[in-house]
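Our numbering puts the first residue of the sequence shown at -9, with every later residue one more than the last.
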Amino acid sequence: GIALCGYAGRLKEKDYQSQQIQKGNYRFTIGITLCILAGILSALYGFSLFRGQPIADVAEKYGAGDLQGNVIYIFSNSGAFVSTALYCIYLHYKNKTWHEYTTSVSVNGQRSGWLRINYGLAVLTGILWYTQFFFYGLGHNRLGIYKFTSWAIHMIMLVLISAVVGLILKEWKGASRKTSRTLVLALLVLVAAVLIITYGNYLGEN
């Protein structure tokens, strides 16, 4: 399913190139390298949650219950925060964009009202980002001996929902029928993967 999504994205880029539609900077080699790196690091993040279980066990001992997994994020997310912060600082220096924290200027140089909106969207993004892990932790604890499947389901749903949101926001507008069919097939495969994993857990319990 993931591979088909990537293939659909490649077809979309070809469609845009044939229609001479410019959609950002296209560099396949850099893009695929970063995607592979992100996938590896994402797996390592899942591993950090697994290895952090003893911390959650201590939290459960003191009455955390199903919320025990939240304490692991304090440690697993600290590295992500540091690396992200350093990269953002680098980009701010490179692009000279520090002023955007206090001022909002439109394309024509006039002051605009986007500053509050940007802060609001940043806060909303943070809330949504953390909420995914909050519910992930709840689901993970309820899987019992099948906890090992939780990260796979989480990642599949992440890709699935992202693709659906992309469709809603018309990111695939202008794509050919072949590209659209490939994307639909990819989404169906992802849905099937979630159902198969879930059904496997069900069979294991019974």
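Glycine is no exception: its CB is placed at the ideal position from the N, C-alpha and C atoms.
Asked: Span separating the alpha-carbon of Arg171 from that of Gly(-1); Found: 12 Å
Asked: Within 9 Å, strictly: CB atoms of Val179 and Met147; Found: no
Asked: Touch test, the segment 37 to 47 against the segment 57 to 64, Cβ-Cβ under 8 Å, three pairs minimum; Found: yes
Asked: Reduced DSSP category for Tyr52 - H, G, I as helix; E, B as strand; rest coil; Found: coil
Asked: Reference Val181, options Glu161, His144, Asn196 and Lys163, closest by Cα; Found: His144
Asked: Beta-carbon proximity check, Asp47 vs Arg132, cutoff 9 Å; Found: no
Asked: Short Cβ contact (9 Å threshold) for Val155 with Cys(-5); Found: no
Asked: Nearest residue (CA-CA) to Gly190, options Arg106, Ser8, Gln7 and Tyr136; Found: Tyr136
Asked: Beta-carbon proximity of Ala165 to Lys2, cut-off 9 Å; Found: yes
Asked: Cβ pair Leu177, Ala153 closer than 9 Å; Found: yes
Asked: 6 Å Cβ shell around Tyr126 - same chain, five flanking residues per side excluded; Found: His144
Asked: Inter-residue spacing [alpha-carbon to alpha-carbon] between Leu24 and Asn85; Found: 21 Å
Asked: Residue nearest to Ile(-8) in terms of C-alpha spacing, selected from Ser66, Asp5, Gln9 and Gly29; Found: Gly29
Asked: Backbone secondary structure at Lys168 - three-state DSSP; Found: helix
Asked: Proximity test, Glu3 beta-carbon vs the ligand FMN heavy atom, cut-off 8 Å; Found: Here there are no bound small molecules, and the ligand FMN is not part of this structure.
Asked: Coil, strand or helix - Thr74 by DSSP; Found: helix
Asked: Closest Cα partner of Tyr6 within the set Tyr80, Leu111, Glu161 and Phe71; Found: Glu161
Asked: Backbone CA spacing between Leu128 and Thr121 [nearest angstrom]; Found: 11 Å
Asked: Reference Tyr(-3); option with closest CA among Val174, Gly36 and Ala54; Found: Val174
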